[in-house]
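Structure first, then comments.
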Amino acid sequence: MAGSRPGPAPAAVTLGRTLLLALLAWFTLRQFADADYRGIWAGLNLVLHEAGHLALGWFGSPWLSAIGGTAFHLACIAAVGVAFWRQQDRFAVAVTVWWAGTVFVEAAPYIADARVQNLPLVTVGDGPVSHDWFVILDGLGLLARDQQLGGLARASGLALLVAGLVGGASIAARAARSDGDVDGVPTPVPRTENRRRPPTSG
Numbered sequence: 450m451a452g453s454r455p456g457p458a459p460a461a462v463t464l465g466r467t468l469l470l471a472l473l474a475w476f477t478l479r480q481f482a483d484a485d486y487r488g489i490w491a492g493l494n495l496v497l498h499e500a501g502h503l504a505l506g507w508f509g510s511p512w513l514s515a516i517g518g519t520a521f522h523l524a525c526i527a528a529v530g531v532a533f534w535r536q537q538d539r540f541a542v543a544v545t546v547w548w549a550g551t552v553f554v555e556a557a558p559y560i561a562d563a564r565v566q567n568l569p570l571v572t573v574g575d576g577p578v579s580h581d582w583f584v585i586l587d588g589l590g591l592l593a594r595d596q597q598l599g600g601l602a603r604a605s606g607l608a609l610l611v612a613g614l615v616g617g618a619s620i621a622a623r624a625a626r627s628d629g630d631v632d633g634v635p636t637p638v639p640r641t642e643n644r645r646r647p648p649t650s651g
């Protein structure tokens, strides 16, 4: 018996993905136009960032605590991406790539601000407020390059935003028009074997 291919992605899935991509495209365009723009994801990003400070702050190193915010944040996004990859949800992986881009574009102004420290800072608790990127870059001996590194972080973030958006759109489009799973990956049809019946004696 021949195997059957699943049809294109359901209309509800296609519609949901289209709306999400339109929203991400809008946020991406806003980010290109305004480096200080923050979208609805900023609150979640802040929670993960501050959690990283608290987690690595237990080691007692100011430098580890400072880098812990961004490092923990990216590690969480990577874990989410790996989980979606293992589930073969390629569209969701593309969205996590986009999400990672928001981390870089949000960090970029603070990296460039490391020496002058003009930007407002957010912290948890009543302890002293320190500039993460001053501590990080000073510890690495890269403080004098804060402007260049900030520009590099922004360029990297914008590239990830575009890559996630284009990747997600490509996956959604393939899934909507082709035979395959909801990620647009063709599903092979099992081969059937033609077996001859043994001759019957009359």
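Residues 450 to 651 (our numbering) are what the sequence shown spells out, left to right.
Ideal Cβ placement from N, Cα and C applies to all residues, glycine included.
Everything numeric in this text was worked out from a predicted model, so none of it was measured.
Distance between residue j and residue i (C-alpha atoms, nearest Å)
{"i": "A561", "j": "H580", "result": "11 Å"}
{"i": "G714", "j": "T551", "result": "Summary: the structure shown does not reach residue 714, with the chain confined to residues 450 through 651, and so no result is reported for it."}
{"i": "V614", "j": "L497", "result": "It should be noted that the sequence gives Leu, not Val, for residue 614. Straight-line Cα distance between these residues: approximately 23 Å."}
{"i": "V462", "j": "L478", "result": "24 Å"}
{"i": "Y486", "j": "L503", "result": "26 Å"}
{"i": "V638", "j": "W475", "result": "Residue confidence is low: V638 scores 49 on pLDDT, short of 50, so the model does not pin down where it sits. Its coordinate-derived value is still stated next. Those two C-alpha atoms are separated by around 39 Å."}
{"i": "A528", "j": "H522", "result": "10 Å"}
{"i": "A625", "j": "W534", "result": "20 Å"}
{"i": "A460", "j": "G506", "result": "47 Å"}
{"i": "V544", "j": "L513", "result": "29 Å"}
{"i": "R564", "j": "A549", "result": "25 Å"}
{"i": "Q566", "j": "G509", "result": "24 Å"}
{"i": "I516", "j": "A593", "result": "18 Å"}
{"i": "Q597", "j": "C525", "result": "26 Å"}
{"i": "A612", "j": "L464", "result": "21 Å"}
Cβ-Cβ distance between residue i and residue j below 8 Å
{"i": "V584", "j": "P511", "result": "yes"}
{"i": "W547", "j": "L610", "result": "yes"}
{"i": "A556", "j": "T519", "result": "yes"}
{"i": "L601", "j": "D595", "result": "no"}
{"i": "R539", "j": "I620", "result": "yes"}
{"i": "L470", "j": "G617", "result": "yes"}
{"i": "G599", "j": "P569", "result": "no"}
{"i": "R623", "j": "V554", "result": "no"}
Every unbroken beta strand (DSSP E) within the segment 588-635, with a cutoff of 3 residues, ordered by chain: Along the segment 588-635, the beta strand (DSSP E) does not occur as any fully enclosed run of 3 or more residues.
Inside the segment 474-542 only - alpha helix (DSSP H) runs reaching at least 4 residues: Complete alpha helix (DSSP H) runs here, min 4: 491-506 and 511-535.
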